[in-house]
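Peer 1: Encoded as structure tokens, here's the structure I'll be asking about.
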Ligand SMILES: *Cc1c(COP(=O)(O)O)cnc(C)c1O
């Protein structure tokens with residue numbers, strides 16, 4: 001059977017295939033650059049594993065208190081080395097990215113301190129962590145206040161307002177690298193470095209934390225290379241490489257990681273306790289695969305930007321600009337179109353391909369969300385997934401793909417659905 005025939009069996013029409021092939025042909029140079037970044041980051045990770053002398057004894061599972069869990073300690077050493085931090089906390093007891101961020105924030109802030117976000121509103125789930133939306137147990141309840149400075153309309157930092165927002169109580173600056181569910185540009189590592197330098201010049205003892213979700217291994221440098229005191233993320237996104245079944249990480253300055261560890265476990269216990277159960281081996285192996293997995297996801301994101309951009313939809317980032325995270329936003333403009341898109345992604349999945357996604361009130365979000373995910377790990381968004389809050393401008397956020405070929409199939413299926421329902425019109429491919 002030819003490749004075209006097998007695509008047709010999976011429901012992709014000749015017209016969609018032709019349009020996709022023409023689009024893909026123009027992306028060779030881009031894809032080569034991604035492969036070179038993956039190569040660089042692969043060497044970084046292997047180097048860290050060799051330096052830390054990773055051995056198969058480190059894959060052994062521990063139980064109970066997990067004292068002297070060698071594998072856990074070496075894994076944390078590898079994360080610290082690979083991300084150029086002094087120390088790391090990498091645990092299956094961190095249940096998500098939101099939890100990791102909560103642990104980092106609440107471990108490093110004290111009553112009377114102020115938290116500053118100089119990059120606008122943080123990710124939806126952090127609104128309750130911080131207390132922007134009243135919530136039981138929020139930082140606000142513990143007497144930590146919050147201040148925010150929005151980005152300027154062109155996406156740049158509002159340096160004047162940031163300077164005025166920093167006061168005697170400002171203790172921690174939180175910088176979200178990825179756009180998350182906001183329609184704004186993702187920050188490059190270079191820009192994050194400029195912002196950190198600026199705020200530290202005003203107040204040198206400020207702690208700078210970067211929410212690194214979806215950013216790991218997209219560039220050659222990480223925020224820890226440009227002055228971040230802590231980077232924080234989820235293992236069911238980039239650094240878990242699709243193999244981590246759960247987990248989160250905090251990498252950075254030793255004292256910051258230590259304070260976070262006392263919040264994760266208990267004062268006095270810190271990093272010493274916490275069994276890794278059977279997670280060490282997939283954590284190591286997932287990190288090892290992550291640079292190439294991230295490159296595959298980026299190819300999918302760039303392909304989607306080019307496909308949907310050519311069809312006249314607003315795409316962010318656009319098809320040609322540099323990437324700083326794996327998320328692709330496509331503004332489809334209607335509830336019907338985002339549903340069609342998500343249903344196409346779902347139909348491409350290796351797991352639960354027969355399920356039809358519907359909007360639901362997901363905990364932590366302020367509007368219904370529709371999600372497409374046919375993942376091996378529930379909610380994993382390094383696996384091919386798409387989600388969209390049901391509110392204007394009806395933008396869908398697309399990310400992941402453990403392989404480029406699967407990401408591509410997902411995009412073709414989404415496009416096919418839109419075309420079949422008259423929600424998108426293919427251009428005359430002869431002219432491209
Ligand atoms: C995913 C994400 C989070 C939260 O992570 P969860 O694992 O979904 O709790 C926080 N910030 C950003 C930018 C994210 O993308």
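In our numbering, the protein residues as written are 1 to 432. Note that CB positions come from ideal geometry on N, CA and C, so glycine has one too.
1. Terminal residues of the continuous alpha helix (DSSP H) containing residue 284?
2. Could you tell me whether the region 358-371 touches the region 116-126, where touching means 3 or more Cβ pairs closer than 8 Å?
3. Can you name the start and end residues of the alpha helix (DSSP H) that residue 23 belongs to?
4. What are the boundary residues of the alpha helix (DSSP H) that includes residue 193?
5. Residue 432: buried (16+ other C-beta within 10 angstroms of its C-beta) or exposed?
6. Mind pulling the alpha helix (DSSP H) runs of 4 or more residues that sit fully within the region 325-374?
7. Between the region 79-90 and the region 248-256, are three or more C-beta pairs nearer than 8 Å?
8. With a 10 Å radius around its C-beta and 16 neighbouring C-beta atoms as the bar for buried, classify residue 319 as buried or exposed.
9. Can you tell which of 191, 29, 335 and 325 has the C-alpha that lies nearest to the C-alpha of residue 358?
10. Quick check: is any heavy atom of ligand 1 less than 7 Å from the C-beta of residue 176?
11. I'd like to check one pair, residue 199 with residue 223: are the Cβ atoms closer than 8 Å?
12. Could you spell out the range, first to last residue, of the alpha helix (DSSP H) harbouring residue 37?
13. Determine the burial state of residue 191: buried for a count of at least 16 other Cβ atoms within 10 Å of its Cβ, exposed for fewer.
14. Is it a yes or a no for the region 264-278 touching the region 369-386, going by three-plus beta-carbon pairs under 8 Å?
15. Go ahead and pull the three-state DSSP assignment for residue 430.
16. Report buried or exposed for residue 405, applying the criterion of at least 16 other Cβ atoms within 10 angstroms of its Cβ.
17. Is residue 213 near ligand 1, going by C-beta to nearest heavy atom under 7 Å?
18. Residue 255 by DSSP, collapsed to three states: which one?
19. Flag this pair as yes or no: are the beta carbons of residue 398 and residue 346 separated by less than 8 Å?
20. Go ahead and pull the three-state DSSP assignment for residue 210.
21. Assess, as a yes-or-no matter, whether the region 129-137 is touched by the region 282-292 under the definition of 3 or more beta carbon pairs within less than 8 Å.
22. Evaluate contact between the region 70-84 and the region 139-152, counting only Cβ atoms and requiring at least three cross-stretch pairs below 8 Å.
23. Looking at the unbroken alpha helix (DSSP H) that takes in residue 80, where does it start and where does it end?
24. Whole angstroms is fine: what's the gap from residue 332's alpha carbon to residue 314's?
25. Is it true that the CB of residue 155 sits closer than 8 Å to the CB of residue 184?
26. Residue 172: buried (16+ other C-beta within 10 angstroms of its C-beta) or exposed?
27. Is there at least one Cβ from chain C nearer than 8 Å to residue 275's Cβ?
28. When DSSP labels each residue in this structure, what does residue 396 get in the three-state scheme?
29. Give a single yes or no on whether residue 101 has its beta carbon closer than 7 Å to a heavy atom of ligand 1.
30. Looking only at its chain, what residues have a beta carbon closer than 8 Å to the beta carbon of residue 59, apart from the 5 residues adjacent to it on each side?
31. Whole angstroms are fine: how far does the CA of residue 149 sit from the CA of residue 117?
32. So residue 382 and residue 212 are supposed to be a Cβ contact under 8 Å. How far apart are they, rounded?
33. On the three-state DSSP scale, how would you describe residue 378?
34. Taking 8 Å as the cut-off, decide whether the C-beta atoms of residue 342 and residue 396 are in contact.
35. Ligand 1 heavy atoms versus the CB of residue 265: any closer than 7 Å?
36. Excluding sequence positions up to five away, which residues of its chain have a Cβ less than 6 Å from the Cβ of residue 403?
Peer 2: So, from the data block:
1. That run of the alpha helix (DSSP H) goes 280-310.
2. Yes: at least three Cβ pairs fall under 8 Å.
3. That run of the alpha helix (DSSP H) goes 14-25.
4. For residue 193, the enclosing alpha helix (DSSP H) covers residues 189-202.
5. Per-residue confidence for residue 432 stands at a pLDDT of 48, beneath the threshold of 50, marking its modelled position as unreliable; the derived number appears in the next sentence. Flag for residue 432 reads exposed.
6. Counting whole runs of 4 or more residues, the region 325-374 contains the alpha helix (DSSP H) stretches 335-347.
7. Yes: the two stretches touch, three or more of their Cβ pairs being nearer than 8 Å.
8. Classification for residue 319: buried.
9. Checked all of 191, 29, 335 and 325; the closest Cα to residue 358 is 335.
10. Yes, Cβ of residue 176 sits closer than 7 Å to a heavy atom of ligand 1.
11. Taking 8 Å as the Cβ cut-off, residue 223 and residue 199 do not qualify as a contacting pair.
12. 28-51 is the extent of the alpha helix (DSSP H) around residue 37.
13. Taking every protein chain shown into account, the CB of residue 191 has 16 or more other CB atoms within 10 angstroms, so this residue is buried.
14. Counting Cβ pairs under 8 Å, fewer than three are found: no touch.
15. With a pLDDT of only 48 at residue 430, under 50, the local geometry of the prediction cannot be trusted, and the value read off the model is given with reservation. Residue 430 falls in the helix class under three-state DSSP.
16. Counting Cβ neighbours within 10 Å, residue 405 comes out exposed, since fewer than 16 surround it.
17. Indeed, a heavy atom of ligand 1 lies less than 7 Å from the Cβ.
18. For residue 255, the secondary structure class from DSSP, reduced to helix, strand or coil, is helix.
19. At least 8 Å separates the beta-carbon of residue 398 from that of residue 346.
20. It is a strand residue.
21. Segments in contact, no.
22. The region 70-84 and the region 139-152 do not touch, with fewer than 3 CB-CB distances between them shorter than 8 Å.
23. Membership of residue 80 in the alpha helix (DSSP H) is indicated by the continuous run 70-82.
24. A direct Cα-to-Cα measurement between residue 332 and residue 314 gives close to 8 Å.
25. It is a contact, given that the beta carbons lie within the stated cut-off.
26. Residue 172 is buried by the Cβ-count criterion.
27. Of the protein chains in this structure there is only one, and it is not chain C.
28. Note: residue 396 maps to strand in three-state DSSP.
29. At least one heavy atom of ligand 1 lies closer than 7 Å to the C-beta of residue 101.
30. Around residue 59: 71, 280, 281 and 284.
31. Residue 117 and residue 149: Cα-Cα distance of roughly 6 Å.
32. Not confirmed; about 13 Å, so no contact.
33. Coil.
34. If you check the CB distance, residue 342 and residue 396 come in under 8 Å.
35. For ligand 1, not one heavy atom lies less than 7 Å from the Cβ of residue 265.
36. Short of 6 Å from the beta carbon of residue 403, and not among the five residues preceding or following it, lie these beta carbons of its own chain, in chain order: 296.
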